[in-house]
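Numbering (this note's numbering), first residue to last: -16 to 139.
Here it is as structure tokens:
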């Protein structure tokens, strides 16, 4: 609490969850750039974290990521232009298209996951294994609670 009786805006639960994520994401994308994937930004994770191994329709990606179809299409268009993804006909519906990661996209995805694991290991060194396990358990519980209680229903 500050002198006004309100929580310090940098210490609200949202800020305490968001700020570490922003710091970790900035580090991860700087490392990806340094390691040969300079175009990628945190916004592109909406594609990488929601795409199925066999590919996905843009509408599926948008729904999973909680974005509009137009926003997702823009991200996909960038990834296609930079060689991280490709668009191909959908085998189930010839009118539809599927987005798939290219070899470059898969390499970027694998590298990002490896960097994420590296970052987690470094954090565990600083916090200690016990506190790291505790942090993970608390975050998993928080995720489950928020997911079940506060997730809004899908739009009609």
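Beta carbons: idealized from backbone N, C-alpha and C, even for Gly.
Values in this document were obtained by computation on a predicted structure and should not be read as measured data.
Task: Straight-line gap, residue 79 to residue 38 (C-alpha atoms, nearest Å) - done: Approximately 12 Å, taken between the alpha carbons.
- [ ] Starting from the C-beta of residue 55, find all residues in its chain whose C-beta is less than 6 Å away, skip the five residues before and the five after it, and write them out in chain order.
- [x] Counting only Cβ-Cβ distances below 6 Å, and skipping sequence neighbours, we find 41, 44 and 45.
Open item on the list: If distances are taken between C-alpha atoms only, which option among 32, 81 and 61 comes closest to residue 72?
Closed with: Nearest C-alpha to residue 72: 81.
Open item on the list: Relative to the C-alpha of residue 7, which candidate in 21, 30, 88 and 99 has its C-alpha closest?
Closed with: Restricting attention to 21, 30, 88 and 99, the CA atom closest to the CA of residue 7 is found in 99.
Task: Range covered by the beta strand (DSSP E) that runs through residue 81 - done: Going by DSSP, residue 81 is part of the beta strand (DSSP E) stretching over 80 to 84.
Open item on the list: For a test of the three-state rule: what should DSSP assign to residue 68, helix, strand or coil?
Closed with: Reduced to three states, the DSSP call for residue 68 is strand.
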